[in-house]
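The opening residue of the sequence shown carries number 0 in numbering that gives the first Met the number 0; numbering runs sequentially from there. Some notes on the structure that comes next.
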Amino acid sequence: MKPSPRNSHQSSTGAGWGCLEEGTFRALGPQEPLSWLRPSVLWRSRNDVIARWFGDPVDDLRRRWVGAPGDQLLRTEEGDFSFLLLGDTGEGDSSQFAVVPPMLKTGADTDFMVIASDVIYPIGSINDYPHKFFHAYQGYQGPIYALPGNHDWYDGLEGFMRVFCDRRGDGSPGGWWKGHLGIVARRLWRRPEPADEGALAEARKLRPAPAQQGVQPGPYWVIDSPSLRIVGIDTGISGRLDQEQGEWLRRVSADPRPKLLITGKPIYRNDQYKPCPIENGGTVDEIVRSSNYVAVIGGDTHNYQRYSVEVEPGRKTEYLVAGGSGAYMHATHIIGRATVVDEGEFTCYPLRGDSLVYYSQVYARRLRRFGLRRFFDLSYPQAAAAVGERLGLEPSRPEGRQVKPGLKAKTIAFLLGVPRGGGKAPRKFRLPVGQAYRKLFSETSDSDTPPFFKSFLRLDVTSGELRIRCFGVSGCREHELSPPVEHELRISLR
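Written as structure tokens, this is what we have:
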């Protein structure tokens with residue numbers, strides 16, 4: 000008997016459609032869906048809006064947490080080592096816990112784990128850490144480090160600093176805002192919740208082993224090894240660096256060794272370039288391009304994307320998005336044919352066709368009361384063929400190349416925002432799916448049944464090579480037992 004297909008590039012079963020047996024993730028404990036549209040959740044998350052409308056206090060807060068940054072050395076690795084990287088994890092629902100069994104199987108021999116961006120949703124509260132961090136990852140036997148995302152900053156980073164840096168603050172937003180609007184902003188700014196000390200103490204007992212412990216110097220740091228320097232930066236709420244962190248980044252980037260950057264906000268995502276500004280001038284990507292960075296990995300966007308960019312003649316840097324390790328899935332079918340790089344230098348997971356099927360099913364559930372469930376019932380071959388026709392690309396899987404899209408598939412592709420060629424998604428008559436509607440729709444599209452289309456990375460470092468593998472997470476039992484590799488990179492460090 001032929002072995003079953005391994006990943007989503009090979010067949011629909013490899014993607015998780017038609018899952019015969021659900022994985023064991025539900026046995027890991029209570030998993031409650033996070034309702035993003037509840038008024039109480041929106042009100043508790045208000046610091047995002049306040050920071051964007053009235054001015055962002057994060058730079059001021061970060062200076063208070065870090066002071067004058069030293070070397071920010073997190074750890075040193077002397078020989079070959081491996082680590083896991085998860086992004087945007089902490090919803091506390093089935094889509095987060097579905098990642099745990101394949102992650103533990105794949106990463107049993109790794110030295111540590113890094114969570115890049117949004118450790119805890121919705122507001123980074125210390126009182127959400129017992130379930131969404133300590134309980135979720137109690138089975139991982141190495142230390143876990145992190146870089147904060149915008150949601151972790153919604154409580155002034157108090158929960159993050161307490162758990163990862165063993166430090167406490169006073170909860171004040173500082174003296175950032177001035178004038179009459181500043182007074183309003185300071186009054187509206189949400190202060191951290193008082194910690195439930197008993198629950199936190201009990202939660203820490205879930206990761207009691209000495210090998211599981213690790214304390215960070217701050218929200219940004221360096222991991223050193225003879226062959227690779229790993230630099231982690233904190234991009235706050237609005238996606239930028241304060242002046243002191245920028246000067247620190249320039250200093251640690253001057254080292255001649257090959258380097259890997261991990262960041263809360265990706266530099267390339269959704270066929271867009273976001274170089275990440277630094278307070279008082281310059282960008283993070285200017286430093287990356289001039290300082291022998293071989294790869295950049297960012298969270299925040301909840302899927303996997305890869306852009307291979309020639310930063311100077313004869314030298315490429317791999318820019319990756321890796322924010323698909325727990326939170327609701329961001330659509331990939333709204334990404335047009337790549338323009339920032341050649342389409343052959345772009346990769347995404349889930350595949351665009353799978354993403355269109357997933358969101359078509361979301362609308363089928365939402366609109367069933369209007370009798371439209373059958374209209375939005377779309378198969379992968381038809382979805383892939385419709386996406387391929389609109390983008391001018393050949394579908395990835397053979398089953399998508401063997402059909403021509405029907406009128407229904409073409410209509411759904413248009414309504415759910417598949418662009419035409421390398422352009423942007425259509426605006427007129429388009430149903431909410433993409434970035435502009437993210438706060439109103441994408442968060443409500445999370446599914447608690449397979450396939451989940453989550454992912455995580457394993458990175459292996461030797462004296463001559465950095466190997467990066469993206470593992471897909473469907474939630475199916477067969478993929479728990481044998482996690483599929485959706486994409487792999489081997490980067491020379493010589």
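Virtual Cβ for every residue (Gly too), placed ideally from N, Cα, C. Keep in mind that this is a model prediction, so the values were computed, not measured.
Closest by C-alpha distance to residue i, when choosing among the options
i: G235; options: K104, K264, D223; result: K264
i: F159; options: K407, I114, G141, Q140; result: I114
i: D117; options: E246, G238, Y306; result: G238
i: I229; options: E192, E285, A145, K273; result: A145
i: E344; options: H332, A326, A363, T316; result: T316
i: V339; options: L366, K273, G323; result: K273
i: P216; options: G231, L205, A208; result: G231
i: P276; options: P129, E243, R189, N302; result: E243
i: A210; options: Y139, Q401, T461; result: Y139
i: D447; options: Q9, S11, R25; result: R25
i: F374; options: D169, L406, P100; result: L406
i: R249; options: N291, S226, L227; result: N291
i: S307; options: L488, L19, A67, L371; result: L488
i: Q360; options: R166, A330, G313, Y153; result: A330
i: H8; options: T346, S481, L366, L465; result: T346
i: L72; options: V251, A337, P142; result: V251
i: F497; options: G387, G399, E398; result: Outside the shown range of the chain, which is 0 to 493, sits residue 497, and nothing can be said about it.
i: I490; options: E393, R466, Q401; result: R466
i: E464; options: R45, I411, R256; result: R256
i: L27; options: T75, V98, G245; result: V98
Burial state of residue i, where buried means 16 or more other Cβ atoms lie within 10 Å
i: Q95; result: buried
i: G106; result: buried
i: S39; result: exposed
i: K403; result: exposed
i: V293; result: buried
i: D70; result: exposed
i: Q212; result: exposed
i: R305; result: buried
i: P29; result: exposed
i: A14; result: buried
i: P193; result: exposed
i: D151; result: buried
i: W188; result: buried
i: E499; result: For the chain, the structure presents residues 0 to 493; residue 499 sits outside this window and is missing.
i: P207; result: exposed
i: F451; result: buried
i: N495; result: Beyond the ends of the chain as shown, which are 0 and 493, falls residue 495; an answer cannot be given.
i: T88; result: buried
i: R61; result: buried
Under the three-state DSSP convention, the category residue i falls into
i: P276; result: strand
i: D499; result: Any answer about residue 499 is impossible in this case: the structure gives the chain only from 0 up to 493.
i: W52; result: helix
i: T410; result: helix
i: D353; result: helix
i: H486; result: strand
i: Q434; result: Since pLDDT at Q434 reaches only 49, below the 50 mark, its modelled position is unreliable, and no value is offered.
i: E192; result: coil
i: G28; result: coil
i: T282; result: strand
i: F80; result: strand
i: L458; result: strand
i: Q215; result: coil
i: W220; result: strand
i: F163; result: helix
i: I125; result: helix
i: E157; result: helix
i: T331; result: coil
i: Q244; result: helix
i: K104; result: helix
i: Y362; result: helix
i: W16; result: coil
7 angstroms Cβ cutoff, residue i in contact with chain B
i: Y379; result: Absent here is chain B; the protein component of the structure consists of one chain.
Whole-angstrom C-beta distance between residue j and residue i, which should lie under 8 angstroms
i: D241; j: D58; result: 4 angstroms
i: A385; j: A408; result: 4 angstroms
i: I333; j: G391; result: Incorrect: roughly 16 angstroms between the Cβ atoms, too far for contact.
i: G86; j: L33; result: Contact flag wrong, Cβ pair sits at about 17 angstroms.
i: P483; j: R5; result: 5 angstroms
i: T23; j: P129; result: With a Cβ gap of about 22 angstroms, T23 and P129 do not count as contacting.
Near the ligand MG: residue i beta-carbon under 6 angstroms from a heavy atom
i: G474; result: This structure lacks the ligand MG, and indeed carries no ligand of any kind.
Examine the Cβ distances between the stretch 182–192 and the stretch 42–53 and report whether three or more of them are shorter than 8 angstroms.
By the criterion of at least three beta-carbon pairs nearer than 8 angstroms, the stretch 182–192 is in contact with the stretch 42–53.
Hey, is the stretch 287–299 in contact with the stretch 258–276, meaning 3+ C-beta pairs nearer than 8 angstroms?
yes
Decide if the stretch 217–233 is in contact with the stretch 126–137; the criterion is three or more beta carbon pairs, one per stretch, under 8 angstroms apart.
no
Under 8 angstroms, with one C-beta from each stretch per pair, do the stretch 66–79 and the stretch 120–130 reach the 3-pair mark?
no
Cβ pair count under 8 angstroms reaching 3, the stretch 191–201 against the stretch 147–167:
yes
Specify whether the stretch 345–356 and the stretch 379–389 touch according to this definition: at least 3 beta carbon pairs, one from each stretch, less than 8 angstroms apart.
The stretch 345–356 vs the stretch 379–389: in contact.
Can you confirm whether the stretch 321–328 touches the stretch 444–460 when touching is taken to mean that 3 or more C-beta pairs between the two stretches lie within less than 8 angstroms?
yes
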